Structure formats: structure tokens, C-alpha cells
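Residue numbers (our numbering): 31 to 568.
Working notes, beginning with the structure itself.
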Amino acid sequence: MGPYGSTVCSGVSSSASSSSSSSVTKPPAEIDGYLADAGYKVRSSDLRHVAQRLERLETVMVNSPNDLSQLASDAVLYNPSDLATWVDSLLSEFNHQPLISLPSDLDFPDAIINPTDLPNDTWTEPLPPPQQHQQHQLTVVTAMEEDSGIRLVHLLVTCAESVQRGDLALAGSLIENMQTLLTRVNTSCGIGKVAGYFIDALSRRIFSHQGVASAHENELLYHYFYEACPYLKFAHFTANQAILEAFQGHDCVHVIDFNLMHGLQWPALIQALALRPGGPPLLRLTGIGPPSPDGRDSLREIGLRLAELARSVNVRFAFRGVAASRLEDVKPWMLQVSPKEAVAVNSIMQLHRLLGSDPNRNSPIEMMLGWIRNLNPKIVTVVEQEADHNKTGFLDRFTEALYYYSTMFDSLEACAMQPEKALAEMYIQREICNVVCCEGAARVERHEPLGKWRARLGQAGFRPLHLGSNAFKQASMLLTLFSAEGYRVEENDGCLTLGWHSRPLIAASAWQVMPTAEATTANQPVGVINQNNNANHV
């Protein structure tokens, strides 16, 4: 989440995280689709029955805590696929009386019998030891919590459907139901945490409690997100490697960074250029960022720190800061690009913010890609979330976001950084709020998958550059800094993705300008070119 005016532990349970990857095969028509995505087989016609049985199960377990030990260990499963049968088996365990059989002619089934009055050989099944008793209780509590998690997911989707239909009264009542249900699950991790964030976002949308996050807060949370998990580090390392290779043989290079954010990306590139065979080039860095709220020139302060680093490794360095509240407010003349420079344009999770449409003006993304092409850069590096949160329908967007961020929180659970992880989760929470709460110009988190970016950049006159084996090796080495084994770097037709298990979460790609003749042959538009304005000079 970047600084341009956006609106404002751990992973999900195994059932929810696996659903994020979404299986290839679709469930039969009679099976409820939403619960099937979470790994549970429930017929749509049985939903009412299962809900009633779950309520009864909870009542029995709350009112009869001493009977928990009667549950056989093989009757409780952590992730049962046949939910209806599983609930019925639990209820039958509670209703079963294994200790004694009463004569059928007795008319008082609730009679209390003193075990001391029975012969010793009457007790055929010993009571479990205290440790086993506690384990049975823990198993049942875990099963109850997972049931509540499943119901939360279903209620979230039902609430989103109500919002899409405009039935805000029903959506508001569902919010209250979910907030009550949330008290029955662990909200510090798993589906409880994810559901809590989405319930909060839906509540803000329904009751119009939408705050605007300050650019300073965004920058601070961005830093903690960078420290807590490998996603931004992967983005920076991969882009830097591609830029370094594109600058090979050039003595004067210019990087234009669409989101400077403390300059976290550039110390590594400065050090790599210092070690370049034949000596380092002259490096110009133009960093774009929001104006400082307190009047300080924070961009200049970042530039001074980077200049000090460059001086220490003998790299000639020049910095220019461009303050802009929105990325689309940046114009090419502000960048002071020289025709003698090899230019790299770097966008880390920023271009999606330009995808909003306004019928009263030209598309911001088309205008931006047009003037980027006119700069004739050696390379354009693009890193974006591998998600589809720009769908027109609210329900589709909500469902995609629910599974995407469930996987994201699942991956954060594997990171041991504290307190960075808690603040990194706040960074993600603000993205969720913007995706769910906002519409129109206020909704800037319009993430789209790699396939759509390929098509858009190709139409704008760019062709892909293959991210080489060095980028893949560096990304793989980066993951060794994190103890979790669930992170995966994969190559995707010349691009690299980083994800959690089988679900890609961010995608890195590199592009160069397509020669005009080639673009014309391919019958592709090459962007807007203003012949009367030389973008290379002020």
C-alpha cells in the first residue's frame, strides 16, 4: 500500500489457507461452493440441518463439560471433509451411554446409578487418565473453534452478497452475528484474525466509518512490512538485479523510483554498482514520494543518507526528490531526464493505483505508460500483487480478497519477527479496508494479476525482458533468511513470482520499449506522444 491517498498472528487455519490456492476441480453442483473451497463437503440442501446440529452440538458441549471425556479420539477430526456426518457422529457420542445398559422396560432413562453399588466386573471400560481427558477436551475445543471459523467464512460471503444487493439492513445484522461468533474463536491467529479484519472492513463500509491514513503512517507501516516478511525484499532484490544488468556498459545511469519509501531499495544497488568491473557509473536517482506533513523535506533527507553511502563506496551520486500526493500528478518534465543517460523506471506495487477510471479524463494508467515510453528507458521494472481485486462485482472482489489475504496472513504466521509482524499486519489491514470499503477514486488498491499486466504493457508498446537466472538465484537465497519452508519462488514465462506454498502472492517482471516499427507491425498502440514537448528537459 503506497502513500498516495489511500483509505484506511498470523495465518489462517489449514482449511482456509488451502482454499486460497483454489483447487482445479470444481465440486458437484449439489455441494455448497463456498464451503467446498474451504475443503468441506456440505450439500446446499443440508446447510440448515448442519447449522442446527452445530448449534445443538455447542449447547451440549457447553452444558455438559464433564461428558467431553466420553468422546472417542477417533470420532473427532481436525479437518473433516464430510461436515454433516461428522457433526452427527459427535452428537451420537454425547447421546451414547457406554457405562451401563438399562433394561428396556424401565421408564426412567435418566436414573442415576452409583458405580460403587455395581460389581467390579461391570466396568468394562476404564476412565481415561487426567492427561488423556485434557487432550480430549482440547481436541473438542479445537473442533468447535474450527466449526465457528467455517461459519464465519460463510457469513462473511453472505454479508458481501447482501452488500452487493444493497440490502444493508441484513448486512448490518450479519455483522452483529459475526461479531458474536468471533468471540468463540482465537482472533490472534488463523481464520479468527482474518475474519476480524474483514468484519471490520465490512462494518466500515456499511456504517460509513472510513478514515484516511496519513502518508507518514503508511511509510512507517511499509517499513515494518519490509522487515517482517520477504515480499518487499524479493521485489527490491529482483528489480535491482534486472536494473544492474540493464546498466551494463553505461557510464551515466538514472533510476526513477515511483515510490521512494525511505530509500530501502537503493543501498544494495549502490553497493553492487561500486563493485562493477571497470568502475562504477555516475548514478542519478529521482525519488517520488508524498509531501511531508510537518513541512520537512523528507525526500531530501533520504537523498542525503544515500549520498553519504555512495560517497563511502566511491560511487558518484546525484539525487532529486519529487513530492507528489498522487502518482498521476507526476509529469515527465519534473524528472529532468538527459538523453545521454541510461534510464530505469522502477515501480514497486504502484501502477495498480492508476487503474481507476474517470469518464471526465483520460485513463491515468494509459497516460503514465505513454510518457514512460517516451522516456525510452533501458528497462522498466514492475512488481505487483498477484491478485484480482479490480473486479467490477463487489462479491467477486471480496471473495478473491478473502482468500488472497488469508494466504498472506498464513505466511506471516511463519515469520518470527516481533514487533514488526504485528505492525506489518496493520499494513495489510489497510489494504483490506481499501479493497472492501472504498469505491470510485477512493479505491486505489486495484490489484490485477500478471496476465492482465502483460496484456496492458504490450498494448502500450512494451515487450517483456526475461528475468535471468541470477535474479532467480538471488530470490531463492533471500528465502534462506526466513526459517519458514512454505515460501516459493517460481519462474513464470520470464517473470518471477513469490508465494506461500502453491499460491503466488506477488509477481516481478521487467520490460523494455518496443521499437516503433515492431509495434506498428504488431498493430499495437504505442502510447501518447506529444511532439511539441520534449520530456527530456525542464
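Each residue gets a CB set at the ideal place from its N, CA and C atoms; glycine is no exception.
Values in this document were obtained by computation on a predicted structure and should not be read as measured data.
For the alpha helix (DSSP H) that residue i lies in, which residues bound it at each end?
{"i": "N270", "result": "261 to 276"}
{"i": "P394", "result": "394 to 404"}
{"i": "I462", "result": "450 to 467"}
{"i": "I229", "result": "220 to 237"}
{"i": "T210", "result": "198 to 212"}
{"i": "G25", "result": "Since the first residue shown for the chain is 31 and the last is 568, residue 25 is missing from the structure and cannot be characterised."}
{"i": "R330", "result": "328 to 342"}
What residue from the options has the CA that sits closest to residue i's CA?
{"i": "Y261", "options": "G470, P449, L442, F492", "result": "L442"}
{"i": "N611", "options": "A472, L453, E416, C525", "result": "Because the chain is modelled from 31 through 568, residue 611 falls outside the range shown and cannot be assessed."}
{"i": "A417", "options": "Y435, S355, L313, T188", "result": "Y435"}
{"i": "F347", "options": "S355, A353, E338", "result": "E338"}
{"i": "G279", "options": "F255, C189, A372", "result": "A372"}
{"i": "S238", "options": "E455, E430, V466", "result": "V466"}
{"i": "E515", "options": "A505, F502, W530, G524", "result": "W530"}
{"i": "V474", "options": "N207, K408, T546, R356", "result": "R356"}
{"i": "Q489", "options": "K503, M544, V187", "result": "M544"}
{"i": "I286", "options": "V352, R326, F424", "result": "V352"}
{"i": "L381", "options": "Q415, L299, K408, Y433", "result": "Q415"}
{"i": "P307", "options": "R235, S233, F277", "result": "F277"}
{"i": "R214", "options": "R195, I458, F424, E176", "result": "E176"}
{"i": "L425", "options": "P297, V360, G196, R181", "result": "G196"}
{"i": "L384", "options": "A505, V360, L250", "result": "V360"}
{"i": "Y517", "options": "G179, F264, G498, A269", "result": "F264"}
{"i": "R235", "options": "E469, L511, R493", "result": "E469"}
{"i": "L212", "options": "S178, Q194, S244", "result": "S178"}
{"i": "A231", "options": "T217, L186, P311", "result": "L186"}
{"i": "P310", "options": "E331, S342, D327, F288", "result": "S342"}
{"i": "S322", "options": "F349, W296, A245, I378", "result": "A245"}
{"i": "R403", "options": "I395, G491, G333", "result": "G491"}
{"i": "F349", "options": "Y433, T217, L313", "result": "L313"}
{"i": "P494", "options": "A485, N500, V345", "result": "A485"}
With DSSP as the reference, please indicate the residues paired to residue i in a beta bridge.
{"i": "R533", "result": "W530"}
{"i": "L495", "result": "A540"}
{"i": "C525", "result": "N522"}
{"i": "R350", "result": "T316"}
{"i": "Y252", "result": "Paired residue(s): none; Y252 is not in a bridge."}
{"i": "C282", "result": "L312"}
Among residues of its own chain, excluding the 5 on either side of residue i, which ones have a beta-carbon nearer than 8 angstroms to its beta-carbon?
{"i": "R335", "result": "G293"}
{"i": "N522", "result": "L480, P534, A537"}
{"i": "H253", "result": "M291, H292, L294"}
{"i": "I273", "result": "V285, L299, A374, N376, I409, T411"}
{"i": "Q504", "result": "F267, T268, Q271"}
{"i": "T198", "result": "Position check: residue 198 holds Leu in this sequence, whereas Thr was assumed. Same-chain partners within the cutoff: S192, I236."}
{"i": "S506", "result": "V519"}
{"i": "T146", "result": "At T146 the pLDDT is 44, less than 50, meaning the model places this residue with poor confidence and gives no usable figure here."}
{"i": "K421", "result": "R427, E430"}
{"i": "F512", "result": "C259, P260, A444, C445"}
Hey, could you find the ends of the beta strand (DSSP E) residue i is sitting in?
{"i": "N376", "result": "372 to 378"}
{"i": "T429", "result": "Run containing T429: none in the beta strand (DSSP E); it sits in the alpha helix (DSSP H), 424 to 443."}
{"i": "E414", "result": "409 to 415"}
Going by beta carbon distance, what residues of the same chain come within less than 7 angstroms of residue i, once the five residues before and after it are set aside?
{"i": "D324", "result": "none"}
{"i": "N566", "result": "Here N566 scores only 29 on pLDDT, less than 50, and its place in the model is too uncertain to base an answer on."}
{"i": "K56", "result": "Legend: pLDDT at K56 = 47, less than 50; position of this residue unreliable, no value from coordinates given."}
{"i": "H419", "result": "R427, E430, A431, V465, E475, R476, H477"}
{"i": "L329", "result": "L290, G317, G319, G351, A353"}
{"i": "Y457", "result": "M31, L251, Y252, Y254, F255"}
{"i": "T152", "result": "With a pLDDT of 40 at T152, under the threshold of 50, the modelled position of that residue is not reliable, and the figure given next carries that caveat. So the list is empty, once near-sequence residues are dropped."}
{"i": "W296", "result": "L315, L336"}
Counting only the same chain and skipping the five closest in sequence on each side, list residues whose C-beta sits under 6 angstroms from that of residue i.
{"i": "E520", "result": "T527"}
{"i": "L487", "result": "W541"}
{"i": "L200", "result": "S192"}
{"i": "I229", "result": "M208"}
{"i": "A258", "result": "C445, M447, E450, K451, A454"}
{"i": "Y227", "result": "Q459, I462"}
{"i": "Q194", "result": "F424, L425"}
{"i": "G498", "result": "none"}
Shorter than 7 angstroms, the distance from the beta carbon of residue i to the closest heavy atom of the ligand NAD, or not?
{"i": "F267", "result": "The ligand NAD is not part of the structure shown, which contains no ligands of any sort."}
4-residue-minimum alpha helix (DSSP H) runs that sit fully inside the stretch 284 to 317, ordered along the chain: 296 to 304
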